[in-house]
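Residue numbers (the working numbering), protein chains in the order written: chain Z, 1 to 102; chain B, 1001 to 1138. Right, one structure below, let's go through it.
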């Protein structure tokens, strides 16, 4: 479209023509952004990084679950050990008294 | 259509001329590309933080593993001590202990707190033998 042509058009037609151009340009720009063929926007790196972040977050969650389970087991075993220690101390003292060892 | 005006270029400059498109594209890249790069940098930092968290959690869990293994070993020892002491109590209840057997049992009681697992197992076996002999003699 030349300037002569533009001059022969009504202002509304010129406006529509420019709008079409912008529409076309936007469409092409959108495709270009999505494909990012030349890596201007690092979209491929970003997608790969997103995937890595998801995997890392899943791993963190699993480790947190494992930590929580470990804490519970540790608590239970500590209690069990404590009970044994108390019971053994009483039993030992009782046997020492019975066998007249003191 | 709503046209959003930016500082990049006046939309009135846009026409079919390829040079304008290239200029506009160049401007777009100049303006927006750093934003994408900034986002990428943020994500890289987030990923680095995630990796640091994984290392910290792995270290914590490794410590827990050591503690749990020690606790399991301690409980095994305490459990065997308990069995030994109950066995001695049983022996004492079935008959009066005297002489060498009484001395052996007393030694077991005195030394029970400082023995490793394998030594405790030896004492447990000894007590089992004594118990069997006592039962036979009854």
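Think of the CB as a built atom: it goes at the ideal place given N, C-alpha and C, for glycine as much as any other residue.
Closest residue to residue i among the options (Cα-Cα distance)
i, options, result
"residue 1085/B", "1106/B, 1029/B, 1043/B and 1065/B", "1106/B"
"residue 1126/B", "1096/B, 1083/B and 1114/B", "1083/B"
"residue 83/Z", "1089/B, 1074/B, 1088/B and 1087/B", "1074/B"
"residue 1077/B", "1132/B, 1137/B and 1119/B", "1119/B"
"residue 1063/B", "67/Z, 15/Z and 50/Z", "67/Z"
"residue 1052/B", "56/Z, 20/Z and 72/Z", "56/Z"
"residue 1116/B", "1070/B, 1032/B, 1039/B and 1129/B", "1070/B"
"residue 77/Z", "1068/B, 1079/B and 1081/B", "1068/B"
"residue 1066/B", "90/Z, 74/Z and 64/Z", "74/Z"
Residue i in three-state terms, based on DSSP
i, result
"residue 1089/B", "helix"
"residue 1096/B", "coil"
"residue 1137/B", "helix"
"residue 1132/B", "helix"
"residue 1/Z", "No answer about residue 1/Z holds up, because its pLDDT of 43 lies below 50 and its placement is not dependable."
Chain B within 8 Å of residue i, Cβ atoms only
i, result
"residue 84/Z", "yes"
"residue 61/Z", "no"
"residue 97/Z", "no"
"residue 65/Z", "no"
"residue 88/Z", "yes"
"residue 91/Z", "yes"
N-terminal and C-terminal residue of the alpha helix (DSSP H) that residue i is part of
i, result
"residue 1114/B", "Residue 1114/B -> no alpha helix (DSSP H), and no H or E assigned at all."
"residue 55/Z", "43 to 98"
"residue 25/Z", "11 to 35"
Residue i at chain Z interface by Cβ criterion, 8 Å
i, result
"residue 1120/B", "no"
"residue 1094/B", "no"
"residue 1074/B", "yes"
"residue 966/B", "Outside the displayed range of chain B (1001 to 1138) lies residue 966/B, so it cannot be described from this structure."
"residue 1050/B", "yes"
"residue 1030/B", "no"
"residue 965/B", "An answer regarding residue 965/B cannot be provided, because it is not within the stretch 1001 to 1138 covered by chain B."
"residue 1149/B", "What the structure shows of chain B is the stretch from 1001 to 1138, and residue 1149/B is not part of that stretch, so it cannot be assessed."
"residue 1130/B", "no"
"residue 1038/B", "no"
Distance cut-off 7 Å: residue i Cβ against heavy atoms of the ligand SAM
i, result
"residue 1134/B", "With respect to the ligand SAM, the structure offers nothing, as it holds no ligand at all."
Could you tell me whether the region 67 to 76 of chain Z touches the region 1053 to 1061 of chain B, using the rule of 3 or more Cβ pairs below 8 Å?
-> yes
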